[in-house]
Every structure is written in C-alpha cells, then in structure tokens.
Amino acid sequence: MAVGIIAEYNPFHNGHLYMLNKIKEMFKDETIVLVLSGNFTERGDVSIIDKWTKASIAKHYGIDLIVELPIIYSIQSADYFAKGAVEILSSLNVDKLVFGSETGDIEVLKKIANAQIDDNILDKLVKLYSRTGLNYPSSLSNAIYDITGLRVSAPNDLLGVSYVKEIIKNNYKIDAITIKRDDNYHSKDIKKISSGTAIRDGLLNKKDIKDSVPEFTYKNLNNLHFVDDYFPLLKYKVLTDKDLSIYHEVNEGIENKIRKEIINSSSYDELINKVKSKRYTYNKIKRILLYILLGITKDDMKEVKDWNYVRILGFNDKGRKYLNSVKKNSTLKIISKFERNNKLLNLELKSTMIYSLPHNEKKLIEKEYKNNL
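Start counting the sequence shown at 1019; every next residue gets the next number (our numbering).
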C-alpha cells in the first residue's frame, strides 16, 4: 500500500524534511504519494516558487509520486482543500495519510471532526456566537468547545480536522496519522526549524535563511514570487472590470468596498486590512482577491462537479511502478499531458500564465503543455 502526504511546500524546509524522514522510518518500504498544491495556495497567497520546482525538490528528497491538487481546491478554505486532496489519495489507493499538527493527538482531531459532521447542534451554536459579534472562526471554535470540551485554533490542527472529516464522511479506507509539529507558526524568527511563514518573510526581507532549508531547496530559490508582485495587476482588474460580483465568493456588495479601498491602497496587506470585518476575515478577503486576480468565476467553480482526473507532476521508479499498479482501478482518470478540451486544465493554464507575468517566465507556460516527468 502507500502513505499519503498533502502539502504546499512553500517552500520545502527543514521541518518538512524532518517529517518526511519520520514517515520513511515509520513505513520503511511503502510508496510515498504527495498531493501538492500549485502556484497559488490555500490562504489566497502566491507560492514563492513554481509547482514544477516544488515537485522536483519533493522528488529529490525521496517522495515517490507527486500529483497536483487542482487550483479549484488548492486556493479554497481548509474543508475544500481537504476534500480535493483526500479524494485524490483515495483514488490512488493510498491507505494512510500522515500530516503534521500542533496538538499531535489524532484522537482529539477525530472527536472534533465528528462534532462538525453531526452539525445540527453545531450550526445553532455557531449562529448564537456570531450574534454576539464574534467572527466565524471564533464562533466555530467556541461551538466545538461547548460540544466536545476540546479547542483547536492552530492552522495545521484545523487542516487535520478537515482531512479527518473527509475520511469519515466518505468512508475512505484511509488511516489518519499525525506527527506533532514543534515550529511556532506565528514566529518570524529564523532558526534551523522555522515555519514557512518565517522563511517567506525572511526571503522577502533579504534575511539569510540558508540554515532553515535543505540544500537542494536553497539552490532552487530563484525567481521568487511574492503576493505584492501582483498588486498592480489586481488593482487594474478591480478598477476596470464592470462586474466583480461574477467572481467566486464576491457576495453581499463586498466588491463595492474593495473598489473603494483599492484606490488608496499600495499593497495587499493595506487593502485587506481596510476591507476586512468580523464577517470577512483577513484570509477570506485574501482568497476573494485571488479569485478576482485569476478571474475565477462562480460559474468556474460549478465545473468542480466535472473534475475527473489526477494530474501527475513527477515520479521516480518506485512511483512509476505504484502508478501502474493502481491505474486500472483508480476512480479518477490519471493524466500526465495537457488536454486542451478540459475546462479545468485550461483554468490551470490561465492561472499559470498570470503567475508567470512578474518574471515573464514563458517556460512555465510551456511546461503546462509538455510532459515534464
């Protein structure tokens, strides 16, 4: 069988390498399958290095098979992110999912997941807390605590809960296993085991992050992409598009607030802080801005129902053999080449074209068409 990992590797750092080595120790002879998000990420951010480079780094450090999490899932909130990723792992007959979490306690995450699945009482409690003025994440956290006596708020714990929920709801034959993370995701200190946030901030501010990432990652930190590289493109789009309400999650007149505030904003952070509210959190606004930037409409998201493929980004010999063994019985079509008549792959291509603009990286666009395995 096989072990699954779901990751953004933005970038692949020492913490990721530690976890990967732990997985190899725990499951010595098993194939490791990675579901990797692409050029844009779950929090509405930009991947500092492109997906093909991320896949090559993952392969270099011993991951056997790397597949892409489609953009329709990779740039949405935790539940949608998890939905696409876990379905891919199930389709590839992966029977174990290993992920890092702040609690390091799978039983805690399972209890919280089950509380969210049985959501009749949960929904009522969330609404009650929302009426007191709390934002949705805080209301949800309080409601879960009332039901279970347990509370989690750290990002990897919340993602872990989403993974477990998908496994339970769909009766996937996947065992969820968690490894405790020791890095402080809030800290921006650069040390041997630093968070991805700290490393990205360090790179943005020209700090020396060499000791925080493996050697092969460091060699590939070229043509870095930061979200503010795209701010002029976003500003142009917001100011010239006649109807922003066609884009995914642009509802309740939030487009009017965005139009008003973007004129006097000079960065993503400044704009988001001017627009966010108790109802529209920082991360939600950031995702909305990404949907606008990429031109992802409400109609595009309806195409999710037609998603039927797993796209291969890379593999080694062991990964190739595993792929051949599961290909026939996979519930999703396995592809490695671009299909021009596939609407979702064309959405992927469009997002890569936009991603490539700051550095005019034509090769990234070419790679969407070519087999790069």
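The beta-carbon is built from N, C-alpha and C at its ideal position, and this holds for glycine as well.
Could you pull the DSSP bridge partners for residue i from this structure?
| i | result |
| --- | --- |
| S1055 | L1087 |
| L1222 | In DSSP, L1222 forms no bridge with anything. |
| D1193 | K1114 |
| I1023 | L1052 |
| V1179 | According to DSSP, which records beta bridges pairwise, V1179 is partnered with nothing at all. |
| V1126 | Answer is none; V1126 lacks a bridge partner. |
| S1119 | K1198 |
| V1064 | F1058 |
If distances are taken between C-alpha atoms only, which option among the options comes closest to residue i?
| i | options | result |
| --- | --- | --- |
| D1287 | L1308, D1246, D1324 | D1246 |
| L1252 | S1212, G1313, N1274, L1221 | G1313 |
| T1049 | M1019, R1061, H1034 | M1019 |
| G1022 | L1035, L1054, S1230, I1066 | L1054 |
| K1316 | Y1265, K1323, S1109, E1105 | Y1265 |
| E1026 | L1367, F1099, H1078 | F1099 |
| K1183 | N1241, I1124, Y1300 | I1124 |
| K1361 | I1352, G1332, D1063, N1326 | N1326 |
| L1242 | I1211, N1039, V1064, E1086 | V1064 |
| D1324 | K1385, G1102, H1078 | G1102 |
| K1320 | K1292, K1210, L1365, P1155 | L1365 |
| D1394 | I1383, G1033, K1187, I1372 | As displayed, the chain neither begins before 1019 nor continues past 1391, which places residue 1394 out of reach and without an answer. |
| Y1254 | I1310, I1227, E1233 | I1310 |
| V1231 | S1212, I1330, V1268 | S1212 |
| K1114 | K1237, K1385, K1191 | K1191 |
| L1107 | V1293, G1167, V1328, L1375 | V1328 |
| I1208 | K1385, E1384, G1033 | G1033 |
| T1349 | S1374, G1178, S1109, D1047 | S1109 |
| L1331 | I1303, S1171, N1039, K1385 | K1385 |
| M1371 | L1222, T1166, D1068 | D1068 |
Between residue i and the ligand PLP, is the CB less than 8 Å from at least one heavy atom?
| i | result |
| --- | --- |
| T1215 | As presented, the structure is devoid of all ligands, the ligand PLP included, so that no description of it is given. |
Measure the C-alpha to C-alpha separation of residue i and residue j and round it to an integer number of angstroms.
| i | j | result |
| --- | --- | --- |
| E1120 | K1128 | 14 Å |
| K1339 | K1345 | 10 Å |
| V1051 | E1043 | 15 Å |
| N1347 | K1355 | 20 Å |
| A1194 | V1126 | 12 Å |
| V1112 | E1279 | 46 Å |
| N1301 | P1173 | 12 Å |
| K1368 | E1357 | 14 Å |
| L1140 | I1162 | 7 Å |
| I1130 | A1216 | 29 Å |
| I1197 | Q1134 | 22 Å |
| L1289 | K1275 | 10 Å |
| G1122 | S1180 | 15 Å |
| K1380 | V1293 | 34 Å |
| S1092 | D1259 | 25 Å |
| L1177 | I1024 | 10 Å |
| M1037 | S1295 | 36 Å |
| I1185 | K1142 | 24 Å |
| I1383 | L1307 | 23 Å |
| H1078 | Y1373 | 24 Å |
| K1388 | N1238 | 21 Å |
| N1132 | T1235 | 38 Å |
| S1343 | N1240 | 36 Å |
| L1394 | G1271 | Beyond the ends of the chain as shown, which are 1019 and 1391, falls residue 1394; an answer cannot be given. |
| S1074 | P1155 | 35 Å |
| K1206 | E1233 | 21 Å |
| G1080 | I1041 | 11 Å |
| D1229 | L1035 | 13 Å |
| N1160 | K1145 | 11 Å |
| G1167 | R1149 | 22 Å |
| K1351 | F1045 | 27 Å |
| N1291 | D1335 | 48 Å |
Quick one: measure Cβ to Cβ for residue i and residue j, integer angstroms, because I've assumed they're closer than 8 Å.
| i | j | result |
| --- | --- | --- |
| I1089 | F1244 | That pair is no contact at about 19 Å. |
| G1118 | R1169 | Going by Cβ atoms, the distance from G1118 to R1169 rounds to 19 Å, so no, they are not a contact pair. |
| G1062 | R1218 | Their Cβ separation, rounded to whole angstroms, is 14 Å, which puts G1062 and R1218 out of contact at 8 Å. |
| E1105 | G1056 | That pair is no contact at about 17 Å. |
| H1031 | G1220 | The Cβ separation is near 11 Å, so there is no contact. |
| T1299 | N1153 | 6 Å |
| N1028 | T1071 | N1028 to T1071, Cβ: 11 Å. No contact. |
| E1273 | S1263 | 6 Å |
Worksheet item: Taking only runs of the beta strand (DSSP E) that begin and end inside the segment 1224-1286, which ones reach a length of at least 3 residues, in chain order?
Response: none
Item to complete: Could you pull out every unbroken alpha helix (DSSP H) segment of at least 4 residues lying fully inside the segment 1273-1355, listed in chain order?
Response: 1286-1293, 1300-1312, 1316-1320, 1335-1344
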